[in-house]
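Using the working numbering, the first residue of the sequence shown is number 3, and each one after it goes up by one. In this text, a Cβ means the ideal position worked out from N, Cα and C, and glycines have one as well.
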Amino acid sequence: MGKFYCGNSIRRIFISSFLFLRYDERKGRFIMTIKAIITDLDGTLLNSNKQTSAYTKHILERTRQKGIHFCMATGRCPESVEYKLEEWGLDENIQFILAMNGSTLYDRKEKYRQDFYMMSGDALIEVVKHFEDLPVLFQVLYGPARYTSKITPEWIQRSKLFGETLIQVDMKEFLHHRTANKFILLFEPDLMPVILERASHFHDASLYGFPSGKDCFEYVDSHINKGFAVQKLADLLNIRMDEIAAFGDAGNDIEMLESVGLSVAMKNGSDAIKAVAMYQTDYDNNEDGVAHFIEDRILKTDD
Numbered sequence: 003m004g005k006f007y008c009g010n011s012i013r014r015i016f017i018s019s020f021l022f023l024r025y026d027e028r029k030g031r032f033i034m035t036i037k038a039i040i041t042d043l044d045g046t047l048l049n050s051n052k053q054t055s056a057y058t059k060h061i062l063e064r065t066r067q068k069g070i071h072f073c074m075a076t077g078r079c080p081e082s083v084e085y086k087l088e089e090w091g092l093d094e095n096i097q098f099i100l101a102m103n104g105s106t107l108y109d110r111k112e113k114y115r116q117d118f119y120m121m122s123g124d125a126l127i128e129v130v131k132h133f134e135d136l137p138v139l140f141q142v143l144y145g146p147a148r149y150t151s152k153i154t155p156e157w158i159q160r161s162k163l164f165g166e167t168l169i170q171v172d173m174k175e176f177l178h179h180r181t182a183n184k185f186i187l188l189f190e191p192d193l194m195p196v197i198l199e200r201a202s203h204f205h206d207a208s209l210y211g212f213p214s215g216k217d218c219f220e221y222v223d224s225h226i227n228k229g230f231a232v233q234k235l236a237d238l239l240n241i242r243m244d245e246i247a248a249f250g251d252a253g254n255d256i257e258m259l260e261s262v263g264l265s266v267a268m269k270n271g272s273d274a275i276k277a278v279a280m281y282q283t284d285y286d287n288n289e290d291g292v293a294h295f296i297e298d299r300i301l302k303t304d305d
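Rendered as structure tokens:
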């Protein structure tokens, strides 16, 4: 069973607890009414080798058979996720992908894609100018192409892992007259305090910056976060936000967890994500933490 956490608001937690329960007269008890489960990928559903186990695949298949939508919310582009789904053994169980940290909603079944709130290239050029004296890689994604300010051996390997084409560009020149839904800064993990301090002095109300990993800082449009995309998905599925469960491990998952009825932080998650979650998994992402929680807290409760 997961551990219960009091996050930002005890009142919110108890209200949500009742919202995603309904009384079943036939069974004589309250049961969950979770209609969709949304999970982050890296550090959450995927293990450190960027794979899923046979147990996780089995639990997600059971979830689908129960009629519960299973969706992914990730910083990756939808093309990268699509490329990997068969390898992960999830091709039959995933219809919706919330990509680019919430700026893209992709329906795999209907081949429908919607992008929200693109950033202007001119605004991103100012980001480059603000950080370019630091040892930072700048990257931007367009479909399966990853444009980078410098090609490194590490990113040659990573791009292959993601099914992407890596292309080196002069980033300021490249961004001119373009728009983007996500802009990425990459650096050594020990530089994060410097990045955070520098970011605190960059002011553009149209942009929102946040750390999305130990070596990564990202900008999206200020309207965008994963919670925004979850609301768009709820509208599409005609379900309430309190009928959704969400799993995450990092800062870019906070708004998503704050917006849903059942929020779960990974055991390996950051302190910030644990502070807003109702529950914490008993197992980390290398121990099928998401699958164990779904089986113990959602599928068993719904039997």
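{"Item": "I'd like to check one pair, proline 146 with threonine 106: are the Cβ atoms closer than 8 Å?", "Value": "no"}
{"Item": "Hey, out of Gly45, Lys37, Met243 and Thr35, whose CA is closest to aspartate 251's CA?", "Value": "Gly45"}
{"Item": "Starting from the Cα of aspartate 93, find the closest Cα among Met102, Leu100, Lys111 and Ala207 and give me that residue.", "Value": "Lys111"}
{"Item": "Identify, in the order they occur along the chain, each residue of the same chain with its Cβ nearer than 8 Å to the Cβ of isoleucine 393, setting aside the five sequence neighbours on each side.", "Value": "Missing from the structure shown is residue 393; the chain here goes from 3 to 305 and no further."}
{"Item": "Tell me the rounded alpha-carbon separation between alanine 279 and aspartate 244.", "Value": "14 Å"}
{"Item": "Which residue comes first and which comes last in the beta strand (DSSP E) that contains leucine 107?", "Value": "106 to 109"}
{"Item": "Tell me, please, whether the region 118 to 131 touches the region 192 to 211 by the rule of three or more beta-carbon pairs shorter than 8 Å.", "Value": "yes"}
{"Item": "Check whether the region 182 to 192 and the region 138 to 157 are in contact - that is, three or more C-beta pairs closer than 8 Å.", "Value": "yes"}
{"Item": "With three or more beta-carbon pairs closer than 8 Å as the criterion, would you say the region 234 to 244 touches the region 210 to 223?", "Value": "no"}
{"Item": "Tell me which residue opens and which closes the alpha helix (DSSP H) that serine 161 is part of.", "Value": "155 to 164"}
{"Item": "Grouping DSSP H, G and I as helix and E and B as strand, with all else coil, what is valine 138?", "Value": "coil"}
{"Item": "Rounded to a whole number of angstroms, what is the C-alpha to C-alpha distance between alanine 277 and glycine 271?", "Value": "10 Å"}
{"Item": "Can you pull the DSSP bridge partners for leucine 209?", "Value": "Asp223"}
{"Item": "How many whole angstroms separate the CB atoms of leucine 62 and asparagine 95, which I take to be in contact at a CB cut-off of 8 Å?", "Value": "5 Å"}
{"Item": "Excluding five sequence neighbours on each side, which residues of the same chain lie with their C-beta closer than 8 Å to the C-beta of glutamate 190?", "Value": "Pro137 and Asp217"}
{"Item": "Could you give the distance in angstroms between the alpha-carbon of histidine 60 and the alpha-carbon of phenylalanine 98?", "Value": "19 Å"}
{"Item": "Where does the unbroken beta strand (DSSP E) through glycine 123 begin, and where does it stop?", "Value": "Where glycine 123 is concerned, there is no enclosing beta strand (DSSP E), although the alpha helix (DSSP H) it sits in stretches over 123 to 133."}
{"Item": "Which stretch, first to last residue, makes up the beta strand (DSSP E) that contains glutamine 67?", "Value": "Glutamine 67 -> not in any beta strand (DSSP E); alpha helix (DSSP H) instead, spanning 56 to 67."}
{"Item": "Just to confirm my understanding: we take threonine 41, look at its own chain, exclude 5 residues before and 5 after, and list those with CB closer than 6 Å. What are they?", "Value": "Leu47, Phe249 and Val292"}
{"Item": "Residue range of the alpha helix (DSSP H) that arginine 200 falls in?", "Value": "194 to 201"}
{"Item": "Mind checking whether asparagine 227 and asparagine 103 have CB atoms under 8 Å apart?", "Value": "yes"}
{"Item": "Under the rule that 16 or more other beta-carbon atoms within 10 Å means buried, what is leucine 163, buried or exposed?", "Value": "exposed"}
{"Item": "If you draw a straight line from the C-alpha of glycine 165 to the C-alpha of threonine 54, how long is it?", "Value": "17 Å"}
{"Item": "Which value, in whole angstroms, describes the spacing of the CA atoms of leucine 100 and methionine 194?", "Value": "26 Å"}
{"Item": "So isoleucine 256 is in the alpha helix (DSSP H); what residue range does that whole segment cover?", "Value": "256 to 261"}
{"Item": "What are the boundary residues of the beta strand (DSSP E) that histidine 71 is part of?", "Value": "71 to 75"}
{"Item": "Evaluate aspartate 290 with the Cβ neighbour count: other Cβ atoms within 10 Å of its Cβ, from every protein chain shown; 16 or more gives buried, anything less gives exposed.", "Value": "buried"}
{"Item": "Methionine 306 and alanine 182 look like a contact to me (Cβ under 8 Å); what is the Cβ gap, rounded to whole Å?", "Value": "In the structure displayed, the chain extends from 3 to 305; residue 306 sits before or after that span and is not available."}
{"Item": "Classify leucine 188 as helix, strand or coil using the three-state DSSP reduction.", "Value": "strand"}
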